[in-house]
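Undergrad: Numbering (this note's numbering), first residue to last: 31 to 669.
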């Protein structure tokens, strides 16, 4: 967002600058994904108009222009941008309200009688009908009014009230003037059932250009207006010529003798198979349409090799398919999902106890007492006895070297007799380990992505024994499964800024139990698995945490010498206690980033590549090699 704002401000500085020799100040506007509210602010600065903006007016705009525009042209361009993005401007006095197109007719659009408004402004016109009933005009004009517009007739005053963009009202006013004539012309609306209105108008103009064409004139002239929205023709003229034209139209409006014409639509972004299924469901499936006459003559097939749609249908259906494809075959945004999987394990181990023992260096007697709860003193005495037997001398250093934990020892070493000692063992160990994995994956909007980093581990699924010639042959069946770190995510982009993520995250590893697989151990491989499965909502480039999983294991062990170790107070000299506690924390962080164009994808790729190269540089001596370009990885470069 900060990058877009900076880019917008730089552009504003560019088009606010004006040559010193210019008499009238002009601006050249070029915007790319600029915030529409910032655009409104700058237009207000340029034109000096006061805008009241509806809170629901949001989004980004792109404008490409190579012309210098004056103040009026900038405002006209501004209104066009609003209209393209589904917003409208309604002017009341010196205040211009900017609202959604669906509610613009209710926002107090000015009543304009002279047609002096800009073409993109939403206005309300009151048009008087002198020769034709206002209700009849409404029937003719209603299909030409967009959904957010409004048209109504006042029968008593015989006027038509229209709320729409000024340019569309101008077109409707032209039709009204041609229809609302004082002579004996009549107006007829003909609905076509089989033929397409565009082709019928073209044929009529070619058959009788002097009567129906644009340059036609005279008493036999018939004005033919085609309405693509509902496939109807509006005829105006004398009753005799209109009857002749209607007869010709009825002959043209017949079912096609063949199954229709064939068109091939090559798709640029959408998948041909999926689009074919949608079109078949909408146009051919009787449950999708009540009219089966077109579906019987319509065939839609997908060519996966060319990613194209092959359509055979009547012209009207083909026109409808063109309109559907224009809305479906669009470039889809991509989403880069970066994950950070952190596992922190903390081990706390403590042990305390006393061990005592004695050994005869001469070998003439055996130890009279020995407590080896942890095995420390036995290692010391055996080490001393071994060195004394080889060299004839007692070496205390050799005995101490066998101690691997903090101890306090008291001993008497006699080279000619008995050596004895007591060791106080106290051990406290705290260890922690961080496991950090950062997988990332790029996928299209509404498409599932999966990434796995791990191993394929065999698991036993069964065993049996076959007998052949008296010999038993055991068999074991196995099945390999993936074990490791796996991330599965499906992104759904909403309102160009928020993303709904369906996430499944698991961390699994094989446990080293120290036991063999068999009768004395486990029956199969043992694994630890931690997983998170959820659906979340995040903004673009927002880092969120999916959840945390804490595992706490506590183990206490006490060893003692029988009988003596049970004596109160004194028995503690013949005991050893240990405590082990393990905590594991698993946290998963996600950061989705929307990639709308090739520039953003290229920037992300370059950032990832440079990050890998930086890690490689840090592992080498400084100044060993210069950084290669990204394209060199396809040329077999070895670093």
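The beta-carbon is built from N, C-alpha and C at its ideal position, and this holds for glycine as well.
1) What do you get for residue 491, buried or exposed, if any count of 16 or more other CB atoms within 10 angstroms of its CB means buried?
2) Count the C-beta pairs between the stretch 474-481 and the stretch 629-642 that are closer than 8 Å, then say yes if the count reaches three, no if not.
3) Here's the rule: buried if 16 or more other CB atoms are within 10 angstroms of the residue's CB, otherwise exposed. What is residue 261?
4) What's the call for residue 179, buried or exposed, on a 16-neighbour Cβ count within 10 Å?
5) In its own chain, which residues sit with a C-beta less than 6 Å from the C-beta of residue 468, not counting the 5 before and 5 after it?
6) Can you give, in chain order, each stretch of the beta strand (DSSP E) that sits fully within the stretch 52-79 and has at least 3 residues?
7) Please name the residue, chosen from 575, 571, 539, 566, that lies closest to residue 559 on a Cα-to-Cα basis.
8) Under a three-way DSSP split, which group does residue 521 fall into?
9) Could you pull out every residue in the same chain whose Cβ sits closer than 6 Å to the Cβ of residue 431, ignoring the five residues on either side in sequence?
10) Do residue 533 and residue 519 have their C-beta atoms closer together than 8 Å?
11) Quick one: give me the first and last residue of the alpha helix (DSSP H) that residue 343 is part of.
12) Would you report the Cα separation of residue 204 and residue 172, rounded to the nearest angstrom?
13) Helix, strand or coil for residue 437 per DSSP?
14) Applying the 10 Å Cβ sphere with the 16-neighbour rule, what's the burial state of residue 73?
15) DSSP on residue 360, reduced to helix/strand/coil?
16) When you compare only the Cα positions, how much space is there between residue 621 and residue 507?
17) Consult DSSP for residue 574 and reduce its assignment to one of helix, strand or coil.
18) Comparing alpha-carbon positions, which option in 254, 499, 488, 182 lies nearest residue 215?
19) Say whether the stretch 156-170 touches the stretch 182-200, bearing in mind that this needs 3 or more beta-carbon pairs closer than 8 Å, one atom from each stretch.
20) Would you kindly report the start and end of the unbroken alpha helix (DSSP H) that includes residue 172?
21) Which of the three DSSP states, helix, strand or coil, is assigned to residue 549?
22) Give every residue of the same chain whose Cβ lies closer than 6 Å to the Cβ of residue 169, excluding the five residues on either side of it in the sequence, and list them in chain order.
23) If we define contact as Cβ-Cβ less than 8 Å, is residue 641 a contact residue for chain C?
24) Does DSSP put residue 243 in a helix, a strand or coil?
25) Among 342, 115, 95, 614, which has the Cα closest to the Cα of residue 375?
26) Once DSSP output is grouped into helix, strand and coil, what is the label at residue 488?
27) Could you check where the beta strand (DSSP E) with residue 120 kicks off and where it finishes?
28) Between residue 571 and the rest of its own chain, which residues show a CB-CB distance below 6 Å, the 5 nearest in sequence each way excluded?
29) Taking only the alpha-carbon atoms, compute the straight-line gap between residue 307 and residue 504 and give it to the nearest angstrom.
30) Should residue 176 be labelled buried (16 or more other beta-carbon atoms within 10 Å of its own) or exposed?
31) Compute the Euclidean distance between the alpha carbons of residue 94 and residue 65, then round it to the nearest angstrom.
32) Just to confirm before moving on: does the CB-CB distance between residue 70 and residue 83 stay below 8 Å?
33) Identify which residue in 58, 67, 85, 102 has its Cα closest to the Cα of residue 78.
34) For residue 8 and residue 107, I'd like the C-alpha separation in whole angstroms.
35) Identify every residue that forms a DSSP beta bridge with residue 637.
36) Which runs of the alpha helix (DSSP H) at least 4 residues long sit entirely within the stretch 171-240? Give them in chain order.
TA: Based on what the coordinates show:
1) exposed
2) no
3) buried
4) buried
5) 370
6) 61-65
7) 539
8) strand
9) Because residue 431 carries a pLDDT of 48, less than 50, the predicted location of this residue cannot be relied on, and the following value inherits that uncertainty. Taken in chain order, the list of residues that qualify is empty.
10) yes
11) Residue 343 -> not in any alpha helix (DSSP H); beta strand (DSSP E) instead, spanning 338-343.
12) 15 Å
13) Confidence at residue 437 is low in this model, with a pLDDT of 49, below 50, so its placement is unreliable and the value that follows should be read with caution. Reduced to three states, the DSSP call for residue 437 is strand.
14) buried
15) coil
16) 42 Å
17) strand
18) 254
19) yes
20) Per DSSP, residue 172 belongs to no alpha helix (DSSP H) and is neither H nor E.
21) Reliability of the predicted coordinates at residue 549 is poor, the pLDDT of 46 falling under 50, and the value obtained from them is presented with this limitation in mind. Correct three-state label for residue 549: coil.
22) none
23) Within the model displayed, chain C is absent; a lone protein chain is all it includes.
24) coil
25) 614
26) strand
27) 117-122
28) 623
29) 52 Å
30) exposed
31) 15 Å
32) yes
33) 102
34) No answer is possible for residue 8: the residues shown for the chain start at 31 and end at 669.
35) In the DSSP output, where bridge partners are listed per residue, residue 637 has none listed.
36) 196-209, 227-237
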